[in-house]
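Chains as they are written, first to last, in my numbering: chain A, 389 to 930; chain B, 389 to 930.
Cβ coordinates follow ideal geometry from the N, Cα and C atoms, glycine included.
Below is one structure; the comments refer to it alone.
Number of protein chains: 2
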Amino acid sequence: MLGLMQSQQLLISSLIDFAERHHGDAEIVSRRVEGDIHRYTYKDVAARARRVANALDGLKLGFSDRVATLAWNGYRHLELYFGVSGSGRVLHTLNPRLHPDQIVWIANHAEDTVLCFDMSFLPIVQAIHSRCGTVKTFVAMCDADKLPADSGIPGLVSYEAWIGAQSATYKWPSFDENSASSMCYTSGTTGNPKAALYSHRSTMLHAWAGALPDALCMSARDTVLPVVPMFHVNAWGLPYSAAMTGAKLVFPGPAMDGKSIFELIENEKVSFAAGVPTVWQMMLGHMQAGGLRFSTLKRTVIGGSACPPAMITSFNDDYGVEVLHAWGMTEMSPLGTVCTLKNKHLALSPAEKMKVRLKQGRGIFGVEMKIVDDEGKELPWDGKAYGDLLVKGPWIISEYYKGEGGAPLVDGWFPTGDVATIDPDGYMQITDRSKDVIKSGGEWISSIDVENIAMAHPAVAMAACIGMKHPKWDERPIIAVVKKPGAEVTRDDLIKFYDGKTAKWQIPDDVVFVDAIPLGGTGKMQKSKLREQLADYKLPDA
Amino acid sequence: MLGLMQSQQLLISSLIDFAERHHGDAEIVSRRVEGDIHRYTYKDVAARARRVANALDGLKLGFSDRVATLAWNGYRHLELYFGVSGSGRVLHTLNPRLHPDQIVWIANHAEDTVLCFDMSFLPIVQAIHSRCGTVKTFVAMCDADKLPADSGIPGLVSYEAWIGAQSATYKWPSFDENSASSMCYTSGTTGNPKAALYSHRSTMLHAWAGALPDALCMSARDTVLPVVPMFHVNAWGLPYSAAMTGAKLVFPGPAMDGKSIFELIENEKVSFAAGVPTVWQMMLGHMQAGGLRFSTLKRTVIGGSACPPAMITSFNDDYGVEVLHAWGMTEMSPLGTVCTLKNKHLALSPAEKMKVRLKQGRGIFGVEMKIVDDEGKELPWDGKAYGDLLVKGPWIISEYYKGEGGAPLVDGWFPTGDVATIDPDGYMQITDRSKDVIKSGGEWISSIDVENIAMAHPAVAMAACIGMKHPKWDERPIIAVVKKPGAEVTRDDLIKFYDGKTAKWQIPDDVVFVDAIPLGGTGKMQKSKLREQLADYKLPDA
Numbered sequence: 389m390l391g392l393m394q395s396q397q398l399l400i401s402s403l404i405d406f407a408e409r410h411h412g413d414a415e416i417v418s419r420r421v422e423g424d425i426h427r428y429t430y431k432d433v434a435a436r437a438r439r440v441a442n443a444l445d446g447l448k449l450g451f452s453d454r455v456a457t458l459a460w461n462g463y464r465h466l467e468l469y470f471g472v473s474g475s476g477r478v479l480h481t482l483n484p485r486l487h488p489d490q491i492v493w494i495a496n497h498a499e500d501t502v503l504c505f506d507m508s509f510l511p512i513v514q515a516i517h518s519r520c521g522t523v524k525t526f527v528a529m530c531d532a533d534k535l536p537a538d539s540g541i542p543g544l545v546s547y548e549a550w551i552g553a554q555s556a557t558y559k560w561p562s563f564d565e566n567s568a569s570s571m572c573y574t575s576g577t578t579g580n581p582k583a584a585l586y587s588h589r590s591t592m593l594h595a596w597a598g599a600l601p602d603a604l605c606m607s608a609r610d611t612v613l614p615v616v617p618m619f620h621v622n623a624w625g626l627p628y629s630a631a632m633t634g635a636k637l638v639f640p641g642p643a644m645d646g647k648s649i650f651e652l653i654e655n656e657k658v659s660f661a662a663g664v665p666t667v668w669q670m671m672l673g674h675m676q677a678g679g680l681r682f683s684t685l686k687r688t689v690i691g692g693s694a695c696p697p698a699m700i701t702s703f704n705d706d707y708g709v710e711v712l713h714a715w716g717m718t719e720m721s722p723l724g725t726v727c728t729l730k731n732k733h734l735a736l737s738p739a740e741k742m743k744v745r746l747k748q749g750r751g752i753f754g755v756e757m758k759i760v761d762d763e764g765k766e767l768p769w770d771g772k773a774y775g776d777l778l779v780k781g782p783w784i785i786s787e788y789y790k791g792e793g794g795a796p797l798v799d800g801w802f803p804t805g806d807v808a809t810i811d812p813d814g815y816m817q818i819t820d821r822s823k824d825v826i827k828s829g830g831e832w833i834s835s836i837d838v839e840n841i842a843m844a845h846p847a848v849a850m851a852a853c854i855g856m857k858h859p860k861w862d863e864r865p866i867i868a869v870v871k872k873p874g875a876e877v878t879r880d881d882l883i884k885f886y887d888g889k890t891a892k893w894q895i896p897d898d899v900v901f902v903d904a905i906p907l908g909g910t911g912k913m914q915k916s917k918l919r920e921q922l923a924d925y926k927l928p929d930a
Numbered sequence: 389m390l391g392l393m394q395s396q397q398l399l400i401s402s403l404i405d406f407a408e409r410h411h412g413d414a415e416i417v418s419r420r421v422e423g424d425i426h427r428y429t430y431k432d433v434a435a436r437a438r439r440v441a442n443a444l445d446g447l448k449l450g451f452s453d454r455v456a457t458l459a460w461n462g463y464r465h466l467e468l469y470f471g472v473s474g475s476g477r478v479l480h481t482l483n484p485r486l487h488p489d490q491i492v493w494i495a496n497h498a499e500d501t502v503l504c505f506d507m508s509f510l511p512i513v514q515a516i517h518s519r520c521g522t523v524k525t526f527v528a529m530c531d532a533d534k535l536p537a538d539s540g541i542p543g544l545v546s547y548e549a550w551i552g553a554q555s556a557t558y559k560w561p562s563f564d565e566n567s568a569s570s571m572c573y574t575s576g577t578t579g580n581p582k583a584a585l586y587s588h589r590s591t592m593l594h595a596w597a598g599a600l601p602d603a604l605c606m607s608a609r610d611t612v613l614p615v616v617p618m619f620h621v622n623a624w625g626l627p628y629s630a631a632m633t634g635a636k637l638v639f640p641g642p643a644m645d646g647k648s649i650f651e652l653i654e655n656e657k658v659s660f661a662a663g664v665p666t667v668w669q670m671m672l673g674h675m676q677a678g679g680l681r682f683s684t685l686k687r688t689v690i691g692g693s694a695c696p697p698a699m700i701t702s703f704n705d706d707y708g709v710e711v712l713h714a715w716g717m718t719e720m721s722p723l724g725t726v727c728t729l730k731n732k733h734l735a736l737s738p739a740e741k742m743k744v745r746l747k748q749g750r751g752i753f754g755v756e757m758k759i760v761d762d763e764g765k766e767l768p769w770d771g772k773a774y775g776d777l778l779v780k781g782p783w784i785i786s787e788y789y790k791g792e793g794g795a796p797l798v799d800g801w802f803p804t805g806d807v808a809t810i811d812p813d814g815y816m817q818i819t820d821r822s823k824d825v826i827k828s829g830g831e832w833i834s835s836i837d838v839e840n841i842a843m844a845h846p847a848v849a850m851a852a853c854i855g856m857k858h859p860k861w862d863e864r865p866i867i868a869v870v871k872k873p874g875a876e877v878t879r880d881d882l883i884k885f886y887d888g889k890t891a892k893w894q895i896p897d898d899v900v901f902v903d904a905i906p907l908g909g910t911g912k913m914q915k916s917k918l919r920e921q922l923a924d925y926k927l928p929d930a
């Protein structure tokens with residue numbers, strides 16, 4: 389027997405309708421590419437999103453056609469979020485930090501039909517437009533009078549002329565909530581980039597879950613600064629959760645430097661900000677240099693990569709800002725865990741609370757987690773056992789767009805590629821990447837743990853631990869080390885340095901001194917390249 | 389094109405699975421019928437809910453079969469919430485405050501197959517069991533040794549013996565999320581009671597929406613006391629939102645007196661409580677008498693009927709507790725609006741904030757609202773125009789169980805039966821019931837407004853405004869008044885008392901002095917009965 393409740397598809401258009409009707413005068417403030425501050429309201433976003441929808445109809449775009457953006461966080465990007473998905477098209481947020489060849493590959497793979505770009509990225513589009521065969525319309529996200537006369541891009545139109553010609557009246561269509569709404573490609577360190585294809589349903593459930601007090605805790609009393617880019621997994625869903633709750637939004641545009649971000653926070657009375665550690669590092673540096681203080685910021689969520697403990701401590705102790713450590717993936721829309729405390733932690737000492745806060749956090753409702761060993765056997769949640777982390781839930785992918793990468797699920801679970809522990813309270817902590825963990829004699833050794841000890845040695849500038857094939861133990865860890873300029877340390881010194889700091893069998897078998905460790909574009913160590921460089925290396929006893 | 393996200397039905401069983409896994413040691417504390425305090429954890433709830441499911445399987449109950457409860461707020465009731473719905477049956481929460489004949493009518497109409505009852509209600513069940521033809525199994529929610537030897541109820545079994553014989557292992561079935569999960573009958577002041585039939589989907593979406601910071605704001609740091617009965621629209625969804633967030637739950641059992649409730653709040657460190665005004669009145673009275681203070685209570689949500697302003701002020705000013713005014717209906721799962729402030733209100737004076745707080749609140753995302761005039765034309769959100777309030781959304785009924793009451797929706801909208809204003813910020817305020825509003829010359833007059841003025845006269849103890857047929861104006865208001873003992877006031881005095889307090893055409897045409905105004909079981913004025921009593925009344929100029 390079915391329940392007798394109203395049947396209503398969960399659609400992204402309902403978010404902007406709601407924000408217009410219930411929070412019409414709540415502000416959206418953007419620092420523009422031009423450097424000035426633009427401000428308007430949800431009422432304006434809604435009207436202009438409807439113009440976008442009419443403009444797309446005018447181009448005769450079909451249902452699910454892809455509309456790409458190459459843009460910073462700003463109000464026009466927000467209008468595209470709602471206008472594109474709301475009208476039944478798929479918003480494809482391209483990452484402008486990729487190599488132009490990769491952008492071309494991705495745009496062709498996605499079969500993008502329209503490309504809207506911020507003027508910062510005009511040079512990229514000038515360089516690639518002729519190779520983006522499926523794109524019929526290029527839109528420069530600028531005022532009509534800012535459009536360059538001879539961009540060399542055929543038919544280039546300014547965003548304002550494009551939507552200005554359209555009516556602000558539009559009836560959002562209704563359709564299956566499982567329809568695709570947006571897509572985002574993973575950076576793809578190996579093989580071709582692969583895309584997560586989100587649905588209206590997954591986006592809406594994620595928006596509800598993300599706004600909960602145990603996740604990002606968003607309300608109509610918040611002023612939210614998403615520093616995390618809107619081209620990076622929908623800015624962690626903040627544009628959707630903000631519209632759902634009527635929170636004021638503040639967008640930084642291209643100005644991510646410490647001074648600009650700090651000024652936005654102060655001038656716009658931001659209560660909540662979200663971003664990756666590097667941005668906060670710059671901002672804290674700017675504040676320390678100038679002896680500055682926050683007057684309104686209450687909490688910040690940090691994700692994208694592990695947050696250094698010193699940063700959590702500094703926000704908390706020096707500035708009175710609560711830091712929420714978070715973990716997610718492009719394949720997870722992206723929220724998986726957020727590190728919020730429980731009732732039982734409230735009476736703990738600040739130091740004990742900090743121990744909890746350093747973990748990646750608890751799974752939010754809607755995300756199931758498990759850790760498994762090499763045989764796929766589930767491991768206990770004791771905070772010690774670590775294994776491959778798998779996840780399941782309605783905002784986690786079932787497969788990649790166009791079936792790239794084959795069938796990713798294992799018995800219905802998505803393997804995250806991370807190795808983690810989970811403690812009895814459900815707090816997850818990532819200990820390594822699955823491909824980096826060293827499997828020695830049936831036991832796993834965290835490469836990150838091995839590196840952290842080496843990094844604590846005064847002569848070590850950088851350290852990378854990788855596994856080397858061993859006839860008896862399968863793999864044994866070695867550590868590649870870059871010495872600090874002018875500093876000296878021998879192999880034996882460093883091996884001895886591990887004494888008492890870890891179990892004997894987790895101590896690396898050897899030290900290899902190198903001039904540099906290969907780094908990727910985002911500053912992460914590329915261990916695959918390091919392994920190639922050390923292809924001829926042999927373990928001492930192998 | 390469909391998105392490529394995992395397909396997962398939204399099912400109530402996932403809530404208790406999650407609570408067990410992520411918040412296994414969070415407490416559930418119950419005052420039992422016996423008066424003692426029982427405490428255990430979500431881990432225990434989950435295991436015992438699985439025993440319930442096995443017990444229902446053992447009775448060969450089919451999918452969607454109805455399992456009724458006649459019970460207070462307590463741990464066994466919570467187990468039934470998850471065990472019954474989780475296993476695919478429909479939880480039917482009977483209201484023990486109804487007349488036994490009405491309970492019989494409802495149990496037969498619902499075709500309940502099992503009836504689980506608290507020992508407080510043994511006399512009711514003894515009186516009605518022979519007339520509940522579809523009920524095959526009666527379960528007394530008590531320990532095995534508390535089962536009366538000769539209850540007269542054939543096959544009566546104790547809950548503990550019933551589930552104790554079962555395994556705690558059970559695999560929750562998966563099925564269509566639109567399947568019925570639970571049902572609740574409206575009190576039905578006219579005609580037969582009608583039932584809202586909730587689905588797993590509607591319950592889950594409501595649980596997410598209800599836990600948001602702008603609704604009930606529930607987290608793993610909360611200790612929640614639902615004083616609102618679990619037989620009254622699922623205790624406003626609190627059991628579901630609590631499991632979703634891992635909040636500690638505290639249940640009052642049958643002890644709703646001020647002393648018992650206050651003690652529970654203090655002893656269990658309750659941070660959030662929910663209930664109807666009468667309960668809080670008793671508690672505040674107890675506190676005032678004893679000069680008591682709260683040490684942990686931060687906020688309370690008040691709904692069910694309009695909250696007296698003095699109560700909101702007292703909680704806020706005298707006790708530092710935030711009061712959230714809320715409005716909903718059985719037909720709405722029940723949450724419709726909650727009165728939380730916006731960014732723009734934060735700088736207001738306490739008096740101005742209080743003005744906002746007195747309204748029923750803003751629609752939460754997922755509930756669409758509109759107000760319409762007699763012709764169904766939508767009225768502006770200006771805080772002045774008032775009309776029939778209609779609502780729409782995924783946790784609002786489309787029709788009643790078995791089609792009772794015909795097709796309730798009007799163009800897809802559910803008419804609430806309330807008359808309301810909505811201000812430009814979306815705050816809704818109920819001004820009257822649709823059936824009580826007086827329609828005079830095409831304009832509407834709020835019976836409540838007319839009554840409130842009369843009630844301000846020192847000689848008036850109680851006043852009820854009703855509309856009387858009028859040849860020219862369709863209807864004109866008159867006011868029926870009960871004088872205070874020993875007080876005197878004439879018709880003309882009272883009519884004159886309205887001067888300057890309202891528009892001339894809203895002043896009642898006549899005053900009728902009566903000895904008493906008929907009241908219903910819950911203390912509400914029964915204007916239909918008053919109209920019957922005044923059937924022979926003629927307006928002065930009609």
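Burial check for residue 480 of chain B: the Cβ neighbour count within 10 Å reaches 16 or more, so the residue is buried.
A contact between stretches requires three or more CB pairs, one per stretch, nearer than 8 Å, and the stretch 863–879 of chain A fails this requirement with the stretch 389–403 of chain B. Unbroken alpha helix (DSSP H) runs of no fewer than 4 residues, entirely contained in the stretch 492–520 of chain B, are found at 510–516, following chain order.
Residue 392 of chain A has a beta carbon lying within less than 7 Å of a beta carbon in chain B. Contacts between residue 414 of chain A and chain B, judged by CB atoms closer than 9 Å, involve 730, 731 and 732 in chain order.
Residue 477 of chain A carries a coil assignment under DSSP once its states are collapsed to helix, strand and coil.
When only Cα atoms are considered, residue 591 of chain B and residue 406 of chain B end up about 16 Å apart.
Rounded to whole angstroms, the Cβ separation of residue 685 of chain A and residue 661 of chain A is 6 Å, and the two are in contact under 8 Å.
Proximity of the stretch 589–606 of chain B to the stretch 484–504 of chain B falls short of the contact definition, fewer than three beta-carbon pairs being nearer than 8 Å. Taking a Cβ-Cβ threshold of 7 Å, the residues of chain A close to residue 783 of chain B are 393, in chain order.
Between residue 462 of chain A and residue 641 of chain A, the C-beta spacing is below 7 Å. Pairing residue 798 of chain B with residue 775 of chain B gives a Cβ-Cβ distance that is not under 7 Å. Using a Cβ-Cβ cut-off of 7 Å, residue 586 of chain A counts as an interface residue toward chain B, since at least one Cβ of chain B sits closer than that to its own.
Judged by their CB atoms, residue 724 of chain A and residue 755 of chain A are nearer to each other than the 7 Å cut-off. Straight-line spacing of the CA atoms in residue 513 of chain A and residue 869 of chain A works out to 40 Å. The C-beta separation of residue 854 of chain A from residue 750 of chain A comes to about 31 Å, leaving the pair out of contact by the 8 Å criterion.
Of the candidates A:489, A:522, A:864 and A:848, A:864 places its Cα closest to the Cα of residue 830 of chain A.
If only uninterrupted beta strand (DSSP E) runs of at least 3 residues are considered, those enclosed by the stretch 865–907 of chain A are 898–901. In this structure, the CA atom of residue 733 of chain B is about 7 Å from the CA atom of residue 741 of chain B.
In this structure, residue 636 of chain A sits near residue 415 of chain A, with a CB-CB distance shorter than 7 Å. With a threshold of 7 Å between beta carbons, residue 563 of chain B makes no contact with chain A. The alpha carbon of residue 650 of chain B has as its nearest neighbour, out of B:668, B:664, B:634 and B:633, the alpha carbon of B:668. Not one beta carbon of chain B lies nearer than 7 Å to the beta carbon of residue 435 of chain A. Secondary-structure assignment with DSSP links residue 572 of chain A through a beta bridge to A:584.
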